[in-house]
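Trainee: Next up is a structure, given as structure tokens.
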Amino acid sequence: MNAARRFRETMRHVRMHWPPYLLLYGGVVGALLLIGGGITQGWPGLVPLGLALWLVSTYFLFTALWTAYQLHDAPHRRPPAALFAMSQVRPTDHIAYVGLGRRGPALELYRYLTEGELVVVDVYNPQLAPGRGLVRERTAAPSPPQDPRLRWRDGSIALLPLPNASVTAVFAIQVLSALGEQGDREKLLREIYRVLPPNGRLLIAERLPTQTNWLALGPLAMRLQSKRYWFDLLEGAGFQVQSERDLLGLMHCFRADKPVPGAGRQLRLDLGF
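Residue 100 in numbering that gives the first Met the number 0 is what sits at position 101 of the sequence shown, and the numbering runs on without skipping anything.
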């Protein structure tokens, strides 16, 4: 029972994203059959080919499972826990989570609150964030608990259902990268900027093309954006990146604050003297 709980979110992730795992598992089995056929049929040329296929398939299968465990079940390494620690949010604050229907991160975040409130805004649009894995995750998402600390709202990247300067912090985990267009990311950041007060905090987690992610994803890591890209995107939207944290090279967390009006001007005056 304890083992089942320990790997619960990992196995859920595998079920939601089963095609690549099935492909890798099929590669492992196919490689073994190729090796066996080469030996029994007297075709020695198939053995090294099957061995190479087995090594590659086995490596990426176990790497994918290890990555899923680190991001979803490993203690103290899950992005929601890391972002909440960076946010310096008080348990009584009103905060928001902008997501695409994945309820797991939001449910983990609200447990840190006592008398505060978490507003979860679903901005999913199949045209902006396509992907069958995301559809399966949304369909199988756990039912939200009835709790006064938690509210669920539908919104869009162009209009979050929140008043101006109404929440202390906004969290978003692999949401910006799921929006395929740069303009869509900028549009969502402008809305997040609107709902935060001066000194409000934006906390995001994204995967970078680190050495670990290259080893874990192979050529798929080419799709990941660099750290410099995320810095430029956040600063271009008016935020000031205050801190960052790396999670084993698999995920990178950023805290970006909305500056106080006139802070930049005051800084320049101080430097001038």
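Note that CB positions come from ideal geometry on N, CA and C, so glycine has one too.
1. Suppose contacts are defined by Cβ-Cβ distances below 8 Å. Is valine 97 in contact with valine 169 by that definition?
2. Applying the 10 Å Cβ sphere with the 16-neighbour rule, what's the burial state of alanine 38?
3. I'd like to know if the region 128-147 and the region 86-103 are in contact, where contact means that at least 3 CB-CB pairs between them fall below 8 Å.
4. Should the region 203-211 be regarded as contacting the region 219-231, the criterion being three or more beta carbon pairs within less than 8 Å?
5. Using a threshold of 8 Å, state whether the C-beta atoms of valine 122 and isoleucine 156 are closer than that.
6. Measuring only the C-alpha atoms, how far is aspartate 72 from glycine 261?
7. Taking the C-alpha atoms as reference points, what is the distance between proline 196 and phenylalanine 238?
8. So tyrosine 183 is in the alpha helix (DSSP H); what residue range does that whole segment cover?
9. What residue ranges within the region 54-100 form continuous beta strand (DSSP E) runs of no fewer than 3 residues, ordered along the chain?
10. Compute the distance between the beta-carbons of histidine 16 and glycine 182, then report whether it is under 8 Å.
11. What are the start and end residues of the alpha helix (DSSP H) that includes tryptophan 42?
12. How many angstroms separate the CA atom of proline 144 from the CA atom of glutamate 107?
13. How many angstroms separate the CA atom of histidine 12 from the CA atom of proline 18?
14. Give the DSSP-derived three-state secondary structure of aspartate 231 in the structure shown.
15. Determine whether the beta carbon atoms of arginine 193 and asparagine 163 lie at a separation below 8 Å.
16. Determine the DSSP secondary structure at alanine 277, reduced to helix, strand or coil.
17. Buried or exposed: which applies to aspartate 256, given that a residue is buried once 16 or more other Cβ atoms fall within 10 Å of its Cβ?
18. Taking the beta carbon of alanine 279 as the centre, do at least 16 other beta carbons fall within 10 Å, making it buried, or is it exposed?
19. Tell me the rounded alpha-carbon separation between threonine 9 and glutamine 69.
20. Which of helix, strand or coil does DSSP assign to isoleucine 203?
21. Going by DSSP, what residues sit across from alanine 255 in a beta bridge?
22. Tyrosine 24 and leucine 60 - do their beta-carbons sit closer together than 8 Å?
23. So who's on the other strand from arginine 150, going by DSSP bridges?
24. Would you grab the beta carbon distance between leucine 120 and arginine 152 for me? Rounded to a whole angstrom, and I think it's under 8 Å.
25. For the alpha helix (DSSP H) holding glycine 138, just list the boundary residues, first then last.
26. Let me know the secondary structure DSSP gives arginine 267 once reduced to three states.
27. Cα-Cα, which of Val88, Asp231, Leu22 and Lys186 is closest to glutamate 114?
Mentor: This is what the structure holds:
1. yes
2. Contrary to the premise, residue 38 reads as isoleucine rather than alanine in this sequence. Exposed: under 16 other Cβ atoms inside 10 Å.
3. yes
4. yes
5. Yes; because the gap between Cβ atoms is below 8 Å, this pair is in contact.
6. 43 Å
7. CA-CA distance, proline 196 to phenylalanine 238, rounds to 12 Å.
8. The amino acid occupying residue 183 in the given sequence is aspartate; tyrosine does not appear at that position. Counted as a single uninterrupted DSSP element, the alpha helix (DSSP H) harbouring aspartate 183 occupies residues 181-194.
9. 93-98
10. Not a contact, by the Cβ cut-off of 8 Å.
11. No alpha helix (DSSP H) holds tryptophan 42; DSSP gives it neither H nor E.
12. 12 Å
13. 12 Å
14. Look at aspartate 231 here: in three-state DSSP terms it is helix.
15. yes
16. Nothing can be reported for residue 277, as the shown portion of the chain is limited to 0 through 272.
17. buried
18. Past the boundaries of the shown model lies residue 279; the chain is included only from 0 to 272, so the question cannot be answered.
19. 9 Å
20. strand
21. Leu201 and Val240
22. yes
23. In the DSSP output, where bridge partners are listed per residue, arginine 150 has Val118.
24. A small correction: the amino acid at residue 120 is valine; leucine does not occupy that position in the sequence shown. At roughly 5 Å, the Cβ-Cβ gap stays under 8 Å, so valine 120 and arginine 152 are in contact.
25. Correcting the residue type first, residue 138 is threonine in the shown sequence and not glycine. First-last of the alpha helix (DSSP H) with threonine 138: 131-138.
26. Here arginine 267 scores only 40 on pLDDT, less than 50, and its place in the model should not be relied on; the value that follows carries that caveat. Helix, per DSSP.
27. Val88
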